[in-house]
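Undergrad: Mapped onto numbering that gives the first Met the number 0, the consecutive letters of the sequence shown carry residue numbers 0 to 319.
First, the structure itself, so that you have it in front of you.
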Amino acid sequence: MRSTGDSTRESRQTSAQELGHLLRAGPFHLALRAALTARGLPLHRVQHRLAARGIKLGVTSLSYWQQGARRPRRPESLKAVRALEQILELPEGTLLRLLAAPEGAGPESTRPPTRSYRALVSVGAAVEGLLAGMELPADGGLHTVGHHERVRIGAAGELLGRESQHVVRAHRDGVDRYLAVHHGDPGCDPARVRVRADENCRTGRVRWHPEAEVLVAELLFDARLRTGDTYVFGYGFEDGTAGRCTEYVRGFSYSGGQYVLQVRFDEAALPVRCRRFSRSGPGAPRSGLVDLTPSGRHRAVHLVEPGVRRGLLGISWDWA
């Protein structure tokens with residue numbers, strides 16, 4: 000029978016072997032995570048040791064580095080990496096060498112090809128600015144497996160709100176949140192829009208851009224995902240702050256996954272015509288136009304896209 004001491008020594012040897020392999024082969028984020036684990040240093044202690052060397056770096060940035068959500072690129076970040084090598088007792092230049100490797104050389108290359116917010120929506124620059132202010136990467140580490148979205152239009156033709164049932168898959172380790180973006184109609188007051196966390200998530204930080212009439216909400220999961228894990232959650236936005244709405248559009252930064260959109264109208268405000276459409280970008284012409292007929296009892300139209308493509312997909316309608 001092996002003693003506890005023998006098991007502990009074997010565990011340490013295994014961890015040291017794994018760390019040695021990752022320091023040689025990468026990728027950077029896994030090597031950094033393994034080094035932190037091997038030294039038993041929590042991120043707040045690492046932050047304090049960096050501060051003692053005159054280097055200011057947030058715990059959030061350290062966390063994103065070890066998750067693979069971000070790579071250190073700026074001169075001050077590379078200075079922090081050099082200090083990390085000393086703090087974690089690693090050979091000089093070990094982590095910096097891994098940063099010189101192509102970003103897609105490790106498991107991060109499994110993420111789907113994406114398009115930026117700027118290429119998708121007219122308020123893309125505002126969205127990216129909000130994400131930067133929250134120290135959040137534009138790529139949240141998730142891609143959609145299935146998304147069922149319900150939109151409610153009120154008696155005055157306004158967007159009352161929308162709710163989502165979302166199934167996602169992680170394409171890197173450590174993902175524990177989703178970034179939901181709500182772009183209101185002209186006249187929307189994003190400060191008055193209410194975020195709902197309905198199922199398997201809770202509301203984190205919420206930021207908005209009044210001029211762009213856009214809001215970004217952080218939805219925190221009840222679990223931390225690893226690469227390949229799927230997760231089901233529900234959330235919504237209560238709006239009703241803008242004028243009459245004439246379309247609902249969803250932007251997709253990557254291909255794949257099923258999308259279902261249902262738009263339900265109030266009995267007091269029924270459109271005279273509804274159409275499904277797609278666009279390659281915010282300035283592109285509409286294509287794939289298909290007439291949709293609202294069902295009588297539920298006063299709703301819908302579309303189903305088994306495998307979305309990068310671009311915009313939505314439903315428009317005309318009022319009498």
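Backbone N, C-alpha and C define an ideal beta-carbon position, used for all residues, glycine too.
1) Output needed for R223: all residues of its chain with C-beta closer than 8 Å, excluding positions within five of it in sequence on either side, in chain order.
2) Considering only DSSP beta bridges, list what T229 is partnered with.
3) Quick check on the DSSP output: the beta strand (DSSP E) that includes Y253 runs from which residue to which?
4) With 16 other CB atoms within 10 Å as the buried threshold, where does G92 fall?
5) Look at the Cβ atom of P71, then the Cβ atom of V80, and state whether they are nearer than 8 Å.
6) Pick from R52, T36 and P74: whose alpha carbon is nearest that of Q65?
7) In whole angstroms, what is the alpha-carbon distance linking R201 and V166?
8) Looking only at its chain, what residues have a beta carbon closer than 6 Å to the beta carbon of R308, apart from the 5 residues adjacent to it on each side?
9) Taking the C-alpha atoms as reference points, what is the distance between I152 and A33?
10) Hey, quick one: how far does the alpha helix (DSSP H) through L42 stretch, first residue to last?
11) What runs of the beta strand (DSSP E), each 3 residues or longer, lie entirely inside the segment 236 to 312?
12) According to the neighbour-count rule (16 or more other Cβ atoms, all chains shown, within 10 Å of its Cβ), is G250 buried or exposed?
13) Report yes if the C-beta distance between H170 and H208 is below 8 Å; otherwise report no.
14) Which residue wins for smallest C-alpha separation from G233, given the options E75, D197 and G39?
15) If you draw a straight line from the alpha carbon of Y247 to that of P41, how long is it in whole angstroms?
16) The ligand ATP and E266: does any heavy atom of the ligand fall closer than 7 Å to the residue's C-beta?
17) Could you name the residues that DSSP lists as bridge partners for S163?
18) Nearest CA to the CA of V192: which residue from L158, N199 and F220?
19) Given R48, which residues of its chain have a CB within under 7 Å of its CB, disregarding the five upstream and five downstream residues?
20) Which residues does DSSP list as the beta-bridge partners of W207?
21) Let me know the secondary structure DSSP gives T109 once reduced to three states.
22) To the nearest angstrom, how far is the alpha carbon of T240 from that of A154?
23) Quick check on E102: buried or exposed, where buried means 16 or more other Cβ atoms within 10 Å of its Cβ?
TA: Concretely, from the data shown:
1) Result list for R223: G173, V174 and D175, in chain order.
2) Answer is R168, bridged to T229.
3) Where Y253 is concerned, there is no enclosing beta strand (DSSP E), because DSSP gives it neither an H nor an E.
4) Counting every other CB atom within 10 Å of its CB across the protein chains shown gives G92 a total below 16, marking it as exposed.
5) Going by C-beta atoms, P71 is nearer than 8 Å to V80.
6) It is T36 whose Cα lies nearest to the Cα of Q65.
7) Between R201 and V166, the alpha-carbon positions lie close to 16 Å from each other.
8) Correct list, in chain order: S254.
9) I152 and A33 have their C-alpha atoms some 51 Å from each other.
10) Counting along the chain, the alpha helix (DSSP H) containing L42 begins and ends at L42 to A51.
11) DSSP runs (the beta strand (DSSP E)) wholly in the segment 236 to 312: 246 to 251, 257 to 264, 272 to 278, 286 to 291 and 299 to 304.
12) The residue is buried, with at least 16 neighbouring Cβ atoms inside 10 Å.
13) No.
14) For the residues E75, D197 and G39, the minimum Cα distance to G233 belongs to D197.
15) Distance between the alpha carbons of Y247 and P41: 45 Å.
16) With respect to the ligand ATP, the structure offers nothing, as it holds no ligand at all.
17) In the DSSP output, where bridge partners are listed per residue, S163 has E148 and Y234.
18) Ranked by Cα distance from V192, the options L158, N199 and F220 are led by L158.
19) In the same chain as R48, and ignoring 5 residues on each side of it, the C-beta atoms closer than 7 Å to its own belong to I86, in chain order.
20) Bridge partners of W207: L214.
21) The pLDDT assigned to T109 is 44, lower than 50, so where the model puts this residue is not dependable; a value taken from the coordinates is nonetheless given after this. In the structure shown, the three-state DSSP call for T109 is helix.
22) So the alpha carbons of these two residues sit roughly 13 Å apart.
23) Bear in mind that the predicted position of E102 carries a pLDDT of just 49, short of 50, making it too unreliable to give a figure here.
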